[in-house]
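Asker: Quick note on UniProt numbering: the sequence shown kicks off at 1 and runs consecutively. Ideal Cβ positions, reconstructed from N, Cα and C, are used throughout, including at glycine. After the structure tokens below, expect a handful of questions from me.
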Amino acid sequence: MIPILQRAAAASGTTNRILDMQDVLERFAFDNICKVAFNVDPGCLGGDATAGTEFMQAFEEAATLSSGRFFYAVPFLYRIKRYFNLGSERRLMKLITTVHEFADNIIRKKLEEKSANTDEDLLSRFIGSTEDHSPEFLRDIVISIILAGRDTTSSTLTSFFWVVSSRPDITNNILQELKSIRAHNAKHIGGPYSFDELRDMHYLHAAISEALRLYPPVAIDSKLSLNDDVLPDGTTLKKGWFLTYSSYAMGRMESIWGKDCREFKPERGERGVQAGDAVPVPSFPCGAKDMPGEGDGVHPDEVHRRGCGREVRARRAEQRGVSGAHVVFDY
């Protein structure tokens, strides 16, 4: 990731080079979750792996087509198209085959290496802790991990860069925090950070939390009631009903966050407002540590951000005379 940003920063000094950060971060997040969870590097960020790139594209398109089933005017229309192998359902079946083949190759390799017990990645540990090694079960695990780890991280980082690109004060505060931690531990600014040092990056963590509040990875979500239930406010839910809520809207409610609810203020997180005992919004279901995009995912966010901060700064493209919603980088 850092070499890509370095090249973009160097090029932006002489030309108005555009770097699609959303695409770059999606590739970064995909490579990252595959490496951490499966000890497999698909090489999507460098663009040098056909199989990995094909899988990532198939995975994204399949997710889009699957969610599109909810928008049919006639709910069972997709079942008819699937039965006759027509249109989007025909395309979806081809994409699912590509996704399954990639996942099955990972699973096959892990099962072959099980006796050696050399890897300590998430999938290897999961295989070692369960007796259910059926391909279908493990395939669902692989797909669920990728779905949870890819989109949340890339979405959070994209929103984060978009905000700080127009806020030099926040960028400076983050850099000062990094320098302070480095000075305290007598290390140079360009070296790797330990997890203990990451935990001390309170302002950076608060800034990421604020990005999650204003731009949650899952802006709208729905839940299905399996039984009759009553919400804390007295609302009745019957079995089979759907409950839909908008964490995007709830993250901007004045009644929860105050009159400055639409402002990006990392200091809000430093005061502990976001991790309050009242659990005010579903973006923080069990406090700040359990936000989608945080928890295990917050470390790649912070590792990536502090790595970028050591050498390059992000600015919105229009500040360099380039039209459109883009970000450029300067040394």
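#1: Can you say whether phenylalanine 84 is buried or exposed, counting buried as having 16 or more other CB atoms within 10 angstroms of its CB?
#2: Quick one: what's tyrosine 245 bridged to in DSSP?
#3: What is the rounded straight-line gap between the Cα of glycine 149 and the Cα of alanine 29?
#4: Hey, quick one: how far does the alpha helix (DSSP H) through serine 154 stretch, first residue to last?
#5: To the nearest angstrom, how far is it from the Cα of aspartate 221 to the Cα of histidine 184?
#6: Is it right to say isoleucine 2 is buried, meaning 16 or more other beta carbons lie within 10 angstroms of its own, or is it exposed?
#7: Considering methionine 93, what are the terminal residues of the alpha helix (DSSP H) in which it resides?
#8: Does the beta-carbon of leucine 92 have 16 or more other beta-carbons within 10 angstroms, so that it is buried, or is it exposed?
#9: Contact between the stretch 208 to 218 and the stretch 152 to 171: three or more CB pairs below 8 Å?
#10: Tell me whether aspartate 151 is buried or exposed, calling it buried when 16 or more other Cβ atoms sit within 10 Å of its Cβ.
#11: What are the residues that DSSP puts in a beta bridge with valine 24?
#12: Is it buried or exposed, alanine 37, if we count other Cβ atoms within 10 angstroms and call 16 or more buried?
#13: List the residues that DSSP assigns as beta-bridge partners of aspartate 229.
#14: Pull up the distance between the alpha-carbon of arginine 69 and that of arginine 82, whole angstroms please.
#15: Nearest-angstrom Cα distance between proline 76 and arginine 167?
#16: If we ignore side chains and look at the alpha-carbon of each, how far apart do residue 339 and aspartate 41 end up?
#17: Grab the span of the alpha helix (DSSP H) containing cysteine 194 for me, first residue to last.
#18: According to DSSP, is threonine 53 part of a helix, a strand, or is it coil?
#19: Valine 142 and isoleucine 107 - do their beta-carbons sit closer together than 8 Å?
#20: Buried or exposed for methionine 253, please, with buried defined as at least 16 other CB atoms from any protein chain shown within 10 angstroms of its CB.
#21: DSSP state of leucine 204, grouped into three classes?
#22: Lysine 109 to alanine 103, Cα distance in whole Å?
#23: Assign lysine 265 to buried or exposed, taking buried as 16 or more other Cβ atoms, counted over all protein chains shown, within 10 Å of its Cβ.
#24: Output needed for leucine 19: all residues of its chain with C-beta closer than 6 Å, excluding positions within five of it in sequence on either side, in chain order.
Answerer: With the structure as the only source:
#1: Phenylalanine 84 comes out exposed.
#2: Paired residue(s): Asp221.
#3: Put simply, the backbone Cα of glycine 149 is about 7 Å away from that of alanine 29.
#4: Where serine 154 is concerned, the enclosing alpha helix (DSSP H) stretches over 135 to 164.
#5: Roughly 43 Å between the two C-alpha positions.
#6: The C-beta of isoleucine 2 has fewer than 16 other C-beta atoms within 10 Å across all chains shown, which makes the residue exposed.
#7: 87 to 112 is the extent of the alpha helix (DSSP H) around methionine 93.
#8: Using a 10 angstroms sphere on the CB of leucine 92, the tally of other CB atoms reaches 16 or more, which defines it as buried.
#9: Flag = yes, the stretch 208 to 218 and the stretch 152 to 171 touch.
#10: Buried, by the Cβ-count rule.
#11: Its beta-bridge partners do not exist; DSSP assigns none.
#12: Counting Cβ neighbours within 10 Å, alanine 37 comes out buried, since at least 16 surround it.
#13: Paired residue(s): Leu237.
#14: Between arginine 69 and arginine 82, the C-alpha separation is close to 11 Å.
#15: Rather than proline, the amino acid found at residue 76 in this sequence is phenylalanine. Cα to Cα, phenylalanine 76 sits roughly 48 Å from arginine 167.
#16: Outside the modelled stretch of the chain, which goes from 1 to 331, sits residue 339, for which no answer is possible.
#17: Here the sequence assigns serine to residue 194, which means cysteine is not the residue at that position. Secondary structure note for serine 194: it is in no alpha helix (DSSP H), with a DSSP letter that is neither H nor E.
#18: Annotated three-state conformation of threonine 53 is helix, per DSSP.
#19: Cβ atoms of isoleucine 107 and valine 142: closer than 8 Å.
#20: The Cβ neighbour count for methionine 253, taken over all protein chains shown within 10 Å, is under 16; the residue is labelled exposed.
#21: Shown here, leucine 204 sits in a helix according to DSSP, grouped into three states.
#22: Each residue's alpha carbon lies about 10 Å from the other.
#23: The residue in question, lysine 265, is buried, as its Cβ has 16 or more Cβ neighbours within 10 Å.
#24: Cβ neighbours of leucine 19 beyond the five flanking positions: Ala8.
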